[in-house]
Amino acid sequence: MIDEILSIVKNHEKWRGKQCLNLIPSENVMSPAVRRLLSSEFGNRYTARDRFYMGTRFTDEIEQCGEKLARKLFKAESADLRPLSGHIADLIVLANCAKRGDTLMCLSPEDGGYPGMWKEGLAGLLGLKPVAFPFSKKDRNIAAQKAEEAIRRVKPRIVVFGGSLITFPHPVKELAKLARDHGAFVGFDGSHVMGLIAGGQFQDPLREGAYALFGSTHKSFFGPQGGIILADKEHGELLQSKIYPAFVDNAHWNRIAALTLALAEMKSFGKPYAKQIVRNSQALAKALHDYGFPVECEHLGFTKSHQVIVDYGDYEKGRNVAEKLQQANIITDCVIRIGTCEVTRRGMKEREMLRIAELLKRTAIDGEQPNGIRKEVAKLMVDFQKTEYCFES
Ligand SMILES: Cc1ncc(COP(=O)(O)O)c(C=O)c1O
Numbered sequence: 001m002i003d004e005i006l007s008i009v010k011n012h013e014k015w016r017g018k019q020c021l022n023l024i025p026s027e028n029v030m031s032p033a034v035r036r037l038l039s040s041e042f043g044n045r046y047t048a049r050d051r052f053y054m055g056t057r058f059t060d061e062i063e064q065c066g067e068k069l070a071r072k073l074f075k076a077e078s079a080d081l082r083p084l085s086g087h088i089a090d091l092i093v094l095a096n097c098a099k100r101g102d103t104l105m106c107l108s109p110e111d112g113g114y115p116g117m118w119k120e121g122l123a124g125l126l127g128l129k130p131v132a133f134p135f136s137k138k139d140r141n142i143a144a145q146k147a148e149e150a151i152r153r154v155k156p157r158i159v160v161f162g163g164s165l166i167t168f169p170h171p172v173k174e175l176a177k178l179a180r181d182h183g184a185f186v187g188f189d190g191s192h193v194m195g196l197i198a199g200g201q202f203q204d205p206l207r208e209g210a211y212a213l214f215g216s217t218h219k220s221f222f223g224p225q226g227g228i229i230l231a232d233k234e235h236g237e238l239l240q241s242k243i244y245p246a247f248v249d250n251a252h253w254n255r256i257a258a259l260t261l262a263l264a265e266m267k268s269f270g271k272p273y274a275k276q277i278v279r280n281s282q283a284l285a286k287a288l289h290d291y292g293f294p295v296e297c298e299h300l301g302f303t304k305s306h307q308v309i310v311d312y313g314d315y316e317k318g319r320n321v322a323e324k325l326q327q328a329n330i331i332t333d334c335v336i337r338i339g340t341c342e343v344t345r346r347g348m349k350e351r352e353m354l355r356i357a358e359l360l361k362r363t364a365i366d367g368e369q370p371n372g373i374r375k376e377v378a379k380l381m382v383d384f385q386k387t388e389y390c391f392e393s
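Printed below as a string of structure tokens:
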């Protein structure tokens, strides 16, 4: 049995870790040091806010150290690292900043909103009425002027910017004040763009009028899988007081130790990392467009984030292409969103983006047999096994 278990893990590590070109924008790689902390002794330990458990001296220290770093990095008055995932961070915010029957304005999943926040997800669970932001598909963004009218008309109790398909900064600056004046809590689900925000790219929701920025720590942010909530003093204090015991009991301190180190890495290396991500996305998008892929938003320069959206207009078509790519060990999702955060962290630059575009074209457009492409992908990956933008080489 043990051989079977170890061999599954080994096979996975060899395939996805070494042989594949990983282009899913929700994924990234941790540095070796962060991975090491993820398996540290903290992973065996318990704490509780009511001080039920003894032996928490260093657990408390690591939490304080991590929160302090997060507050500095995001220029936030409050930070909490306990949410176990981006979804749980969303849950904590929605459950405490709105009540049953309230209206939630956010992106519809049809427009790239997070399905977990919509009717079948948290809005349904918490009895909130989701209303979609007016959206411009052409510009892949919230239609700011129409959204102004919608906020005046609907007076949502809670407004959440951010989403799962996100290539351009959302109009927080333009809409947050109006929403707040109409009595809304304004938040930004930064699950996808947290690393770009930390690196000073994309946008700065807490300065643009959002009370809280929350979401995952493992997409464009290169920490362990988990969640984070950053907020102003008033809302931060409220949210922090509600987390235990309703939303998180024990908080997985190995993850928090690892996240703390990732925060330190981001503080030291986040700027060049985030800049290179955007450069890579733009280079990849242009090359794909030139090959004839239906890349969105040419008129806006394609993208300003870690995502490039190749719009086949229908999910089945996207799935078909994604399956072909998978046979060549090129891993994407079915939308198709192509993510540049992982390859950037592996050290790839614009030159490699051109190579990636060529491999995608030969697989998806020319219909070349996957065997040969697989070999070329593996060869490309040999030179990019290290993790960049971290303390050790
Ligand atoms: C916008 C957005 N919010 C929240 C989540 C959930 O994050 P997690 O997977 O960390 O729970 C996702 C997941 O992809 C997402 O795209």
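So the sequence shown is residues 1 to 393, counted in my numbering.
Glycine is no exception: its CB is placed at the ideal position from the N, C-alpha and C atoms.
Cutoff 6 Å; reference residue i; Cβ partners in own chain excluding five residues on either side
i: residue 393; result: Because the pLDDT at residue 393 is just 48, under 50, the model does not fix this residue reliably, and the point stays unresolved.
i: residue 108; result: 132
i: residue 160; result: 106, 187, 189
i: residue 346; result: 384
i: residue 391; result: none
Straight-line gap, residue i to residue j (C-alpha atoms, nearest Å)
i: residue 232; j: residue 80; result: 12 Å
i: residue 326; j: residue 332; result: 8 Å
i: residue 428; j: residue 251; result: Lying outside 1 to 393, the shown extent of the chain, residue 428 is not represented and no answer is given.
i: residue 291; j: residue 342; result: 23 Å
i: residue 23; j: residue 225; result: 17 Å
i: residue 188; j: residue 361; result: 35 Å
i: residue 366; j: residue 7; result: 35 Å
i: residue 54; j: residue 60; result: 11 Å
i: residue 126; j: residue 117; result: 10 Å
i: residue 74; j: residue 230; result: 8 Å
i: residue 2; j: residue 10; result: 12 Å
i: residue 308; j: residue 283; result: 10 Å
i: residue 420; j: residue 137; result: For residue 420 there is no data in the structure shown, the boundaries of the chain being 1 and 393.
i: residue 364; j: residue 45; result: 48 Å
i: residue 143; j: residue 111; result: 11 Å
Contact set for residue i: own chain, Cβ-Cβ below 7 Å, skip 5 residues either direction
i: residue 427; result: Because the chain spans 1 through 393 in this model, residue 427 falls outside it and cannot be assessed.
i: residue 287; result: 353, 354, 357
i: residue 310; result: 288, 293, 294, 295, 336, 338
i: residue 176; result: 186, 208, 209, 210
i: residue 396; result: Nothing about residue 396 can be reported from this structure: the residues present for the chain run from 1 to 393 only.
i: residue 368; result: 362
i: residue 264; result: 69
Bridge-paired residues (DSSP) for residue i
i: residue 105; result: 131, 159
i: residue 80; result: 229
i: residue 22; result: 331
i: residue 60; result: Its beta-bridge partners do not exist; DSSP assigns none.
i: residue 141; result: 136
Same chain, Cβ closer than 8 Å to residue i, five either side skipped, listed in chain order
i: residue 20; result: 329, 330, 331, 377, 381
Heavy atom of ligand 2 within 7 Å of residue i beta-carbon
i: residue 215; result: Ligand 2 is absent from the structure shown, which contains only ligand 1.
Exercise. Determine contact between the region 14-22 and the region 202-217, defined as no fewer than three beta-carbon pairs at a distance below 8 Å.
Key: no
Quiz item: Are there three or more Cβ pairs, one per stretch, closer than 8 Å when the region 169-188 is compared with the region 133-153?
Solution: With the cut-off at 8 Å, the region 169-188 and the region 133-153 touch.
Practice problem: Check whether the region 47-57 touches the region 240-256, counting contact only when three or more Cβ pairs, one atom from each stretch, lie closer than 8 Å. | Solution: yes
Quiz item: Per the contact definition of three or more C-beta pairs closer than 8 Å, is the region 269-285 in contact with the region 193-205?
Solution: yes
Quiz item: Between the region 98-107 and the region 154-164, do at least 3 Cβ pairs fall closer than 8 Å?
Solution: yes
Practice problem: Tell me the start and end of each unbroken alpha helix (DSSP H) in the region 198-270 that is at least 4 residues and wholly inside, in chain order. | Solution: 205-208, 233-246
Practice problem: Note down, one range per segment and in chain order, each alpha helix (DSSP H) of at least 4 residues found wholly within the region 271-341. | Solution: 315-327
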